[in-house]
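Novice: Quick one: structure below, then a few questions.
There are 2 protein chains.
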Amino acid sequence: MSVFGVPFRSVPQLQSLSTADLSSILQDVQRRYDAFRQRALALDLTRGKPASEQLDLSSALLGLPGEDDFLAADKTDTRNYGVLQGLPELRALLAPLFGTVPVQMVIGDNSSLALMHDAIAYSLLKGTVGSERPWVREPRVAFLCPVPGYDRHFSICQDFGIEMIPVPLNADGPDMDVVERLVGEDAAIKGMWCVPKYSNPSGAVYSDAVVERLAAMTTAAPDFRIFWDNAYAVHHLTDERIEIPSLIDACARHGHPHRAFVFGSTSKVTLAGAGVALFASSAENVKWFLGRMGKRSIGGDKVNQLRHVRALRDTAGLLALMDRHRAIVAPKFAAVADAFAAHLGGTGVASWLVPKGGYFISLDVLDGCARDFVKAAKDAGVELTPAGATHPLGQDPHDRTVRIAPTFPDLATVKVAAEGVALSALLVTTSALLAGRGVTTA
Amino acid sequence: MSVFGVPFRSVPQLQSLSTADLSSILQDVQRRYDAFRQRALALDLTRGKPASEQLDLSSALLGLPGEDDFLAADKTDTRNYGVLQGLPELRALLAPLFGTVPVQMVIGDNSSLALMHDAIAYSLLKGTVGSERPWVREPRVAFLCPVPGYDRHFSICQDFGIEMIPVPLNADGPDMDVVERLVGEDAAIKGMWCVPKYSNPSGAVYSDAVVERLAAMTTAAPDFRIFWDNAYAVHHLTDERIEIPSLIDACARHGHPHRAFVFGSTSKVTLAGAGVALFASSAENVKWFLGRMGKRSIGGDKVNQLRHVRALRDTAGLLALMDRHRAIVAPKFAAVADAFAAHLGGTGVASWLVPKGGYFISLDVLDGCARDFVKAAKDAGVELTPAGATHPLGQDPHDRTVRIAPTFPDLATVKVAAEGVALSALLVTTSALLAGRGVTTA
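Which chain is which? The protein sequence lines are U and P, in order.
Following my numbering from start to finish, the first sequence increments by one per residue and tops out at 455.
Following my numbering from start to finish, the second sequence increments by one per residue and tops out at 455.
Have a look at this one:
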């Protein structure tokens, strides 16, 4: 996944330089960093939130469905109780984007994370399809965690005492040799976190071959589940609208129909606080999930579901909206990539993937430098996600990966912040090299 | 709770009659029942759903907050992530109605049942404030269940393998001698279900003395919780807006600050499918609950919260809305009470409380007659909640309690249905008396 080959502009490959040359460069970097810091900015690239301008794209939702509009297509009064699975027309609109059919989808409230949490809580308390017993009755439960990954996934596991086993995430998905070996031999491994497209935070996209191997592999646990958090299914940043295979279909084809738990939401399509979330899986898993949900609630907010149907109209309408998001978001990613290329390109002290979608850029610095880098950025007025957050228990064994979230601030701010980030990374890594530290294990 | 003293109009006290007189009455009742059945109606008094006319009272919500209105009072953009506890202004609006203060309240999604479910799931998986261990690690977990009660409460317990111990519910609340004895001696009793005002289904209202004893009693379990489902806090049916003491305050005063878990929602205030739910408790319990919720979600649907603030304006606005509900609902309850009085009054074969609020009327018939009664009503074209649903595991040991839900159909339908219900009850109980069955244990 490393891209240590970007052409440099101002700084040579640092690891090959003499101490004297390095010192000279450090002085120059320190001067530029200090100048940046003296601007006393307060910038924030911590969380993957949409910008106000993006939320404005869905301002029509705030007045929908309108006072006289509350009947679903089948004349259900959306204002009243019921329809646990969610409005059929909304499921029809979303299903093609998540590799499934409407009957195999359930609409949740506003948070896909909540559906993931609940799928685990239900499995712990009751077991899932094919479980020999509730997971809490197992001596040990473990999840595979491709790293770098999403901190909120890891928090759920940590909270419930689920052991997390890191697996390297490459540019085409998790290292499948490792995955196949682990799930094949360890029956305690009940699950695996995946963000298969434009992964949080590296931007990696799972290849067809990886999806195929995930679906086909033999697992020791009879109730092994892939938590397929397709959070960025339609969040393209380029003309290339990358598509990945349907994990549900692939699992069914390989005789493991219940393996895929697919999650998604419109949080970064419509409104981050007021969207709709979804769960999709095999028919039997959907029945299981609805059975659990049915103890918890009489049904979701169907008015909000209808509101989404009215605003988005159809699948094409949703994709057209995503193009408008892209027009706002892509320049911010370009600004970060430009700043990184300008200040870090060819230095060999930092690497990143220029993502083709999603909400993050992951910057890898020399080993042992990530924490200092985040601290230096903070001192310079740019708040970043804490180093380690991309790994289980907040522990990045190489101390090298930092997540950059450029969507929320406006473009001018992102440009400035990215420069601060790049200068901080350069300062910390150059200092480390001079001190005899700083190696690359990638 | 029995009201076996309502003056009769057409039928004398049946249990005192000779077989010949009873036979004569049965013939008359059978004739009237058959005439009703021949109308081949299809009426439904099964679930406590608001009528369309009630939902129309909140149709403004469907167009709110409006395209340009998304900032909370503190300028939070409600469209974006965050504000896990819920908008302060909505908590301020609701808190006085639930005996608490805004900081001790959490806003959930659209279902208070979901918050109850989650409070139990969290306690099972993690324990709650004062727990010695997660409840799943306890050899046995039990809840007290005042009966008759709400079937969905019981379903959650049944689903999670929580033992249910029935306790008699009187017109002023649960039999506190029984409650105090049980919680004092059995440390496995971790919880108790209560619908303290206009109880589902009997309409009972907990007295000040009962609330005081619930707050003061000594419990063997250090983490005993009262699940205070104040679902009908503002759902008055008479001029007498009954108020009950704050359980949270009473528990704090008696040195058991963490005993009360209070739940409520606007499901039957605004829209049943698209309201907001709430949890209220001690500050420490709220912190615990938010800690659990924070693993599950980044925050609720704040746009819907803002929508509610805009529509309801303030606490007084909510109460004014409830007056408009009452104008629609109260005549339906009166129609049922009238039909019961006309057909069953003074017969001694059925008893009911005329509720002063809430969504249900509970009709008790002679022991052993409830199932046959529900069947007879169904044969006559009136669907009722299954007999037994008011008790844990669906088992009413006396087979006598049936829940009537008159809110959803229009008034004319309720009038007709109530007549069918009364005739069915009269038919089945008269037959039972003639067959030498049918006793009253109340």
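From the three backbone atoms N, C-alpha and C, an ideal C-beta is built for every residue, glycine too.
Note that this is a predicted model, so its numbers are computed, not measured.
Would you check if there are 3 or more beta carbon pairs closer than 8 Å linking the segment 128-141 of chain U to the segment 354-370 of chain U?
Specialist: These segments do not touch.
Novice: Which whole runs of the beta strand (DSSP E) in the segment 232-262 of chain U are 3 residues long or more, in chain order?
Specialist: With a minimum length of 3 residues, the continuous beta strand (DSSP E) runs that stay inside the segment 232-262 of chain U are 238-242.
Novice: Are L397 of chain U and T442 of chain U touching if we call contact CB-CB under 8 Å?
Specialist: Cβ distance not < 8 Å, so L397 of chain U and T442 of chain U don't count as in contact.
Novice: Among U:A105, U:L103, U:D82, U:P235, which residue has its Cα nearest to the Cα of W148 of chain U?
Specialist: Per the Cα distances, U:P235.
Novice: Quick one: does G286 of chain P have its CB under 8 Å from some CB of chain U?
Specialist: So, interface residue.
Novice: Answer with yes or no whether the minimum CB distance from T398 of chain U to chain P is below 8 Å.
Specialist: Closer than 8 Å: no.
Novice: Could you check what DSSP says for G18 of chain U in three-state terms: helix, strand or coil?
Specialist: Any reading at G18 of chain U must be qualified, since the residue scores a pLDDT of 33, below 50, and its modelled position is unreliable; the value itself is stated next. Three-state result, G18 of chain U: coil.
Novice: Cutting at 7 Å between CB atoms, please list the residues of its own chain near I341 of chain U, excluding the five before and the five after it.
Specialist: If we look at I341 of chain U and ignore the five residues flanking it on each side, its Cβ neighbours are A64, E66, Q67.
Novice: List the residues of chain P whose Cβ lies closer than 8 Å to the Cβ of F317 of chain U, in chain order.
Specialist: For the sequence presented, residue 317 of chain U should be read as Asn rather than Phe. Under the 8 Å cutoff, chain P gives A287, D314, N317.
Novice: Listed in chain order, which residues of the segment 164-182 of chain U have Cβ atoms closer than 7 Å to some Cβ of chain P?
Specialist: Flagged, chain order: S168, I169, D172, F173.
Novice: How should T141 of chain P be labelled, buried or exposed, when 16 other C-beta atoms within 10 angstroms of its C-beta is the threshold for buried?
Specialist: The residue in question, T141 of chain P, is buried, as its Cβ has 16 or more Cβ neighbours within 10 Å.
Novice: Hey, how far is the Cα of G282 of chain U from the Cα of S124 of chain P?
Specialist: Note that residue 282 of chain U is Val in the sequence shown here, rather than Gly. Between V282 of chain U and S124 of chain P, the C-alpha separation is close to 24 Å.
Novice: On the three-state DSSP scale, how would you describe V322 of chain U?
Specialist: Note: V322 of chain U maps to helix in three-state DSSP.
Novice: How would you label E256 of chain P, buried or exposed, when you count the other beta carbons within 10 angstroms and need 16 or more for buried?
Specialist: When all chains shown are included, E256 of chain P counts as exposed.
Novice: According to DSSP, simplified to helix, strand and coil, what is D314 of chain P?
Specialist: The answer is coil: DSSP assigns D314 of chain P none of H, G, I, E or B.
Novice: Classify D392 of chain U as buried or exposed, calling it buried when 16 or more other Cβ atoms lie within 10 Å of its own Cβ.
Specialist: With fewer than 16 Cβ atoms within 10 Å of its Cβ, D392 of chain U is classed as exposed.
Novice: Going along chain U, which residues have a C-beta under 8 Å from T91 of chain P?
Specialist: Near T91 of chain P (Cβ distances below 8 Å), the residues of chain U are G286, A287.
Novice: Do we get a CB-CB distance below 8 Å when we pair F240 of chain P with the residues of chain U?
Specialist: It does not: the Cβ of F240 of chain P has no partner Cβ on chain U nearer than 8 Å.
Novice: Nearest to T456 of chain P by CA position, among P:R194, P:V224, P:Y219, P:D252, is which residue?
Specialist: Past the edges of chain P, shown from 14 to 455, lies residue 456 of chain P, and the structure says nothing about it.
Novice: Anyone know if the C-beta pair for L439 of chain U and V42 of chain U falls short of 8 Å?
Specialist: Yes, the pair counts as a contact, with Cβ atoms nearer than the cut-off.
Novice: Assuming H404 of chain P and P179 of chain P are in contact, meaning their beta carbons sit under 8 Å apart, how far apart are those beta carbons, in whole angstroms?
Specialist: Confirmed, Cβ separation roughly 7 Å.
Novice: With a threshold of 16 other CB atoms inside 10 Å of the CB of K88 of chain P, please say whether the residue is buried or exposed.
Specialist: Exposed.
Novice: Report the partner residues of S375 of chain P according to the DSSP bridge assignment.
Specialist: Paired residue(s): P:R416.
Novice: With DSSP as the reference, please indicate the residues paired to E176 of chain U in a beta bridge.
Specialist: E176 of chain U is bridged to U:A155.
Novice: Would you say S375 of chain U lies against chain P (beta-carbon separation less than 8 Å)?
Specialist: Not closer than 8 Å to any Cβ of chain P, the Cβ of S375 of chain U fails to qualify, so no.
Novice: Answer with yes or no whether the minimum CB distance from N298 of chain U to chain P is below 8 Å.
Specialist: Chain P contact via Cβ: absent.
Novice: List the residues of chain B that H404 of chain U touches, going by C-beta distances under 8 Å, in chain order.
Specialist: Here the protein chains are U and P, and chain B is not one of them.
Novice: Tell me, which residues are paired with A293 of chain U by DSSP?
Specialist: Paired residues: U:M118, U:V275.
Novice: Would you identify the three-state DSSP class for I169 of chain U, choosing helix, strand or coil?
Specialist: Helix.
Novice: Under a CB-based cut-off of 8 Å, is I311 of chain P close to chain U?
Specialist: Answer yes: the Cβ-Cβ gap between I311 of chain P and chain U drops below 8 Å somewhere.
Novice: Determine the burial state of L303 of chain P: buried for a count of at least 16 other Cβ atoms within 10 Å of its Cβ, exposed for fewer.
Specialist: Exposed: under 16 other Cβ atoms inside 10 Å.
Novice: Report yes if the C-beta distance between Q28 of chain P and L446 of chain P is below 8 Å; otherwise report no.
Specialist: A contact, by the Cβ cut-off of 8 Å.
Novice: At least one CB of chain U closer than 8 Å to the CB of E4 of chain P: is that the case?
Specialist: What the structure shows of chain P is the stretch from 14 to 455, and residue 4 of chain P is not part of that stretch, so it cannot be assessed.
Novice: Would DSSP call K203 of chain P helix, strand or coil?
Specialist: The answer is strand: DSSP assigns K203 of chain P an E or B state.
Novice: Check for me: the alpha helix (DSSP H) holding A348 of chain U runs from which residue to which?
Specialist: Looking at the DSSP string, the run of the alpha helix (DSSP H) that includes A348 of chain U is 328-357.
Novice: Return the chain-ordered ranges of every beta strand (DSSP E) run that is complete within the segment 379-442 of chain U and spans a minimum of 3 residues.
Specialist: Entirely contained in the segment 379-442 of chain U, the beta strand (DSSP E) runs reaching 3 residues are, in chain order, 414-417.
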